[in-house]
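A.B. asks: Just so you know, we're using the numbering used here here: the sequence shown kicks off at 38 and counts up by one.
Even for Gly, the Cβ is constructed at its ideal location relative to N, Cα and C.
Before I ask anything, let me first share the structure, which is written out below as structure tokens.
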Amino acid sequence: MKIQLDNWKILNLNFSSREEERLENSFDLKTGNFFPEDKSKTFGVGFEIEIKDKKFDLSIEAIFMFSLDEKITEKFKISDFPKINAPAIAFPYLRAYVSNLTLQSGFDPVMLPSINFVNLVRDSENDEN
């Protein structure tokens, strides 16, 4: 089975500078996946990122669309690939976007941390149980 990242886009972006600097930065990440009913070989990975920097607030919603060379099965849907591997493939694009956006906006570039998606998924599954 061949899997390819077809495209990605920012669905929502909110960037606002702060008048008063905050003492600490924070970063929150949520991921999810979806399988369009009208496309049997396509699935998407969504990201919601919220950054509270000392000098600005940034929230981003983005989707990344992947395609397979065969139909998506139920087995594939519950496998690690859409929950772990696909987000791991997509996240570096989002990291670069955030870094460039903050730099081009006149702030120090924000380098998002590397994410261990295996642990992220396991932690969220443990929270659900």
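1) In chain order, what residues of the same chain have a beta carbon less than 8 Å from the beta carbon of Thr79, not counting five sequence neighbours either side?
2) Look at Val82 and Pro119 and say whether their C-beta atoms are less than 9 Å apart.
3) Just curious, the alpha helix (DSSP H) that Ile126 is in, first and last residue?
4) From the DSSP output, read off the bridge partner residues of Phe80.
5) Between which two residues does the alpha helix (DSSP H) carrying Phe72 extend?
6) What does the alpha-carbon distance come out to for the pair Asp65 and Ile121?
7) Hey, how far is the Cα of Leu20 from the Cα of Arg159?
8) Out of curiosity, what's the CA-to-CA distance linking Phe52 and Asp94?
9) Under 7 Å Cβ to Cβ from Ser136, same chain only, skipping five residues before and after it: list those, please.
10) My assumption, with CB atoms under 8 Å, is that Ile97 sits in contact with Ile86. Please give the rounded CB distance.
11) Just to confirm before moving on: does the CB-CB distance between Phe84 and Ala127 stay below 9 Å?
C.D. replies: In short, the structure shows the following:
1) For Thr79, where only same-chain residues beyond five positions count, the Cβ hits under 8 Å are Asp43, Phe72, Pro73, Met102, Phe103, Ser104, Leu105, Ile109.
2) Yes, they are a contact pair.
3) The continuous alpha helix (DSSP H) containing Ile126 extends over residues 123–141.
4) According to DSSP, which records beta bridges pairwise, Phe80 is partnered with Phe103.
5) First-last for Phe72: undefined, no H or E at that position.
6) When rounded, the distance between both Cα atoms is 17 Å.
7) Any question about residue 20 goes unanswered here, given that the chain covers just 38 to 166.
8) The C-alpha of Asp94 is placed about 6 Å away from the C-alpha of Phe52.
9) If we look at Ser136 and ignore the five residues flanking it on each side, its Cβ neighbours are Pro146, Val147, Met148.
10) Yes, they are in contact, since the Cβ atoms of Ile97 and Ile86 sit about 5 Å apart, within 8 Å.
11) Contact flag set, yes.
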